[in-house]
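Following our numbering, the numbering of the sequence shown begins with 1 at its first residue and continues without gaps.
Yeah, the Cβ is synthetic: ideal placement off N, Cα and C, and Gly gets one too.
Structure first, then comments.
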Amino acid sequence: MAVNKAENPETAKLSRDFGWLAALGVILVLAGLVGLMYTGVATLTSMILFGWLLLIGGVVGLLHAVQARGSNFFWLGVVVAALDIAAGVVVIVRPQAAAAALTMFAALLFLTGGVFRLVGSLVVRGPQFGWTLVQGAFGLLLGILVLASWPSSSKYAIGCFFSLSLLFDGLGLIATGFGGRKIVGMVTEQHEAVAKPTPSE
């Protein structure tokens, strides 16, 4: 029996998909590194992108509300969509002011989250006590640092967070892509080994 050495089309497609995933990860890593070098530009870019997302989401929500105008949630949908559109316009027109407000909100979240983690870890003292304590202390310290230099910190904080998110997401995609291709290759090799004919006695 001859061994079919042609590659399985489904396996080849899966391998290509993982390759594209790794390529997307490389692009995100490069974008994150560029953003970390130019945090001011990254802050403005992320805020304008956020504003457009709010604006588009508000328009789509308004269209859905109009289509469902006979339902009980019509006016709620209209109000939410109008708020999204108004917030999107404000963020696009005044990205620096929006960045300052969002930085203040993020710093307060870090502070409250850090305090709750610290208190919770000290009260509960569970198996993850040390890690939760470190997380709480880091969040509290980060919130204090951002608030201490606010509003000047709003020029780089959002861009820094956004760039770090791109960087780590990209690294995760690269790891997933290369790991997936490796697993597909191992499965293919095992399948070919099983498909090899045994020598006749």
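task = Please list, in chain order, all residues of the same chain as residue 54 whose beta carbon is under 8 Å from its beta carbon, the five residues on each side excluded.
result = So the qualifying residues of the chain are 84, 85, 87, 88, 91.
inquiry  = Closest to residue 158 by C-alpha separation, out of 19, 26, 41, would be which residue?
reply    = 41
key: Continuous alpha helix (DSSP H) stretch holding residue 75: start and end   = 74-93
request  = Please specify which runs of the alpha helix (DSSP H), each continuous and at least 4 residues long, are wholly inside the region 123-194, giving them in chain order.
outcome  = 129-148
key: Straight-line gap, residue 130 to residue 117 (C-alpha atoms, nearest Å)   = 11 Å
message = Rounded to the nearest angstrom, what separates residue 58 and residue 148 at their Cα positions?
response = 34 Å
task = Measure how close the beta-carbons of residue 176 and residue 21 come, nearest whole angstrom, since I'm counting them as under 8 Å.
result = In this structure residue 176 is in contact with residue 21, their Cβ atoms being roughly 6 Å apart against a cut-off of 8 Å.
inquiry  = Just verifying my parser: in three-state terms, what is the DSSP assignment at residue 16?
reply    = Three-state DSSP puts residue 16 in a helix.
task = Within the same chain, show all residues whose beta-carbon is closer than 8 Å to that of residue 44, passing over the 5 residues directly before and after it, in chain order.
result = 95, 96, 99, 159
request  = Assign residue 117 to one of three DSSP states: helix, strand, or coil.
outcome  = helix
inquiry  = Helix, strand or coil, according to DSSP, for residue 68 in the structure here?
reply    = Under the three-state reduction of DSSP output, residue 68 falls in the coil class, being neither helix nor strand.
key: C-alpha distance - residue 63 paired with residue 93, whole-angstrom precision   = Cα to Cα, residue 63 sits roughly 23 Å from residue 93.
key: Through-space distance from residue 180 to residue 15, alpha-carbon basis   = 7 Å
When 186, 183, 166 are compared against residue 24, the one with the closest alpha-carbon = 166
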